[in-house]
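Presented below is the structure to which this report refers.
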Amino acid sequence: METNVTNIIIEKVKKSRISEVDFSNLPFGKVHSDHMLVCDYRDGAWQTPRITPYQGITLDPSAKIFHYGQSVFEGMKAYKDENGKVWLFRPDENQKRLNISSKRISIPELPREIFMDGLKTLVQIEKDWVPTTPGSSLYIRPFVFASGTGLHASPADQYKFFIVCAPSGPYFAGKVRVLIEEKYSRAANGGVGYAKAGGNYAGQFYPTQLAIQKGYQQVIWTDDNTHEYIEEAGAMNIFVRINDTLLTSPVSDRILDGVTRKSVIDIARAEGITVEIRKVRVEELVSASKNGSLKEMFGAGTAAVISPISGFGYRGSDYDLPEMKDSYASLLKKKITDIQYNKADDPFGWRFEVI
Ligand SMILES: *Cc1c(COP(=O)(O)O)cnc(C)c1O
Numbered sequence: 042m043e044t045n046v047t048n049i050i051i052e053k054v055k056k057s058r059i060s061e062v063d064f065s066n067l068p069f070g071k072v073h074s075d076h077m078l079v080c081d082y083r084d085g086a087w088q089t090p091r092i093t094p095y096q097g098i099t100l101d102p103s104a105k106i107f108h109y110g111q112s113v114f115e116g117m118k119a120y121k122d123e124n125g126k127v128w129l130f131r132p133d134e135n136q137k138r139l140n141i142s143s144k145r146i147s148i149p150e151l152p153r154e155i156f157m158d159g160l161k162t163l164v165q166i167e168k169d170w171v172p173t174t175p176g177s178s179l180y181i182r183p184f185v186f187a188s189g190t191g192l193h194a195s196p197a198d199q200y201k202f203f204i205v206c207a208p209s210g211p212y213f214a215g216k217v218r219v220l221i222e223e224k225y226s227r228a229a230n231g232g233v234g235y236a237k238a239g240g241n242y243a244g245q246f247y248p249t250q251l252a253i254q255k256g257y258q259q260v261i262w263t264d265d266n267t268h269e270y271i272e273e274a275g276a277m278n279i280f281v282r283i284n285d286t287l288l289t290s291p292v293s294d295r296i297l298d299g300v301t302r303k304s305v306i307d308i309a310r311a312e313g314i315t316v317e318i319r320k321v322r323v324e325e326l327v328s329a330s331k332n333g334s335l336k337e338m339f340g341a342g343t344a345a346v347i348s349p350i351s352g353f354g355y356r357g358s359d360y361d362l363p364e365m366k367d368s369y370a371s372l373l374k375k376k377i378t379d380i381q382y383n384k385a386d387d388p389f390g391w392r393f394e395v396i
């Protein structure tokens, strides 16, 4: 285990709010824990991080986040096992990705120690906020945005890094019907699709609302050039099972390199499932659906882990997926969550002990 190298100023709450929270009925991402971490960038350097009571902040109306959208974020979870130990899952991946995202939109990269030590210390302080009901976890949201001011369209000179935590129940959306999108694009070659940049999500809301009005719950994004290949399922990576082979698109400029995606690939292969990382044509899904070889589709991401798809709409027709008894989706979800909650061995070394 790493020891903390970062000097962190800690100011704790006088009285915890934890007794006011109904832990048996937690929504996803709406209840906030007692503390947060904040670290300022100014004068060309990241300053000493602070852990303080969770509270609002004041920003200048000319802060560049409001005008030019310089913001990036991460999403991760802390899990409590049966003995009360708290674990993170591959946090180094989130640490690296935050800086990959930051770099793309000219936010100064955050030193690894501030992220890792800040995260670990905050979760240690918030350990009682990690829920224990099955499927629940402490959702963790690290983010960076431009707080520096100026109406000139150029990178800010000041930034803030935060980590906030939300004790959350299982993210359960049920099976979703998805619409294969041919007009709008989430991302383009040379763009920012691979970054977890705030504006990417704002751009998804409107096409998703249109899909909802048509009776679907989510959009399948296709490549911006031809709209012939599937790329992501909303804000999740997408997997397709044809016969007994699991397919997922390679990551690119346009596709986010999800931690869940790469973990699912490794676990599936360890289970003896054939995984092909290659582009998947919409037409291939349509013909596989018609001849019965399309068995499953699901999204993969931290919040929902695995989100099964019940069917898809494409060019005015609907294609339903079969009910699978021993689905890859449920097998893979169990395997990955058993590692996350310390219910199974961790052959890949993905668990990170917090306290
Ligand atoms: C966050 C995200 C994912 C999933 O990434 P995880 O690391 O598995 O949570 C996939 N696609 C998009 C667009 C995302 O923003």
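Following the working numbering, the numbering of the sequence shown begins with 42 at its first residue and continues without gaps.
Yeah, the Cβ is synthetic: ideal placement off N, Cα and C, and Gly gets one too.
Residue i burial status per 10 Å Cβ neighbour count (16 or more: buried)
i    : result
L192 : exposed
P132 : buried
S304 : buried
E43  : For E43, the predicted structure reports a pLDDT of 48, less than 50, and the residue's modelled location is therefore unreliable. The matter cannot be settled from this model.
P102 : exposed
E394 : exposed
Residue i: CB within 7 Å of a non-hydrogen atom of ligand 1
i    : result
G232 : no
N140 : no
V300 : yes
T289 : no
E272 : no
G342 : yes
K237 : yes
L335 : no
G116 : yes
L251 : no
Residue i vs residue j beta-carbon contact at 8 Å
i    : j    : result
A236 : I296 : no
I106 : F186 : yes
P183 : L160 : yes
I347 : F353 : no
L220 : K255 : yes
E312 : K376 : yes
T162 : I261 : no
Opening and closing residue of the alpha helix (DSSP H) in which residue i lies
i    : result
H108 : K105 to Y109
G240 : G239 to Q254
Q136 : P132 to R145
G159 : R153 to I166
E324 : V323 to N332
Residue i Cβ short of 7 Å to ligand 2 heavy atom set
i    : result
N278 : For ligand 2, the structure offers nothing, since it holds only ligand 1.
Residue span of the beta strand (DSSP E) that contains residue i, given as start and end
i    : result
S178 : S178 to A187
V79  : H76 to R83
R218 : V217 to I221
T286 : T286 to T289
Exercise. Answer yes if the segment 83-98 comes into contact with the segment 247-266, meaning at least three C-beta pairs across the two stretches below 8 Å, and no otherwise.
Key: Because the criterion of three Cβ pairs below 8 Å is not met, the segment 247-266 and the segment 83-98 do not touch.
Quiz item: When the Cβ atoms of the segment 281-290 are set against those of the segment 320-331, are three or more pairs found closer than 8 Å?
Solution: yes
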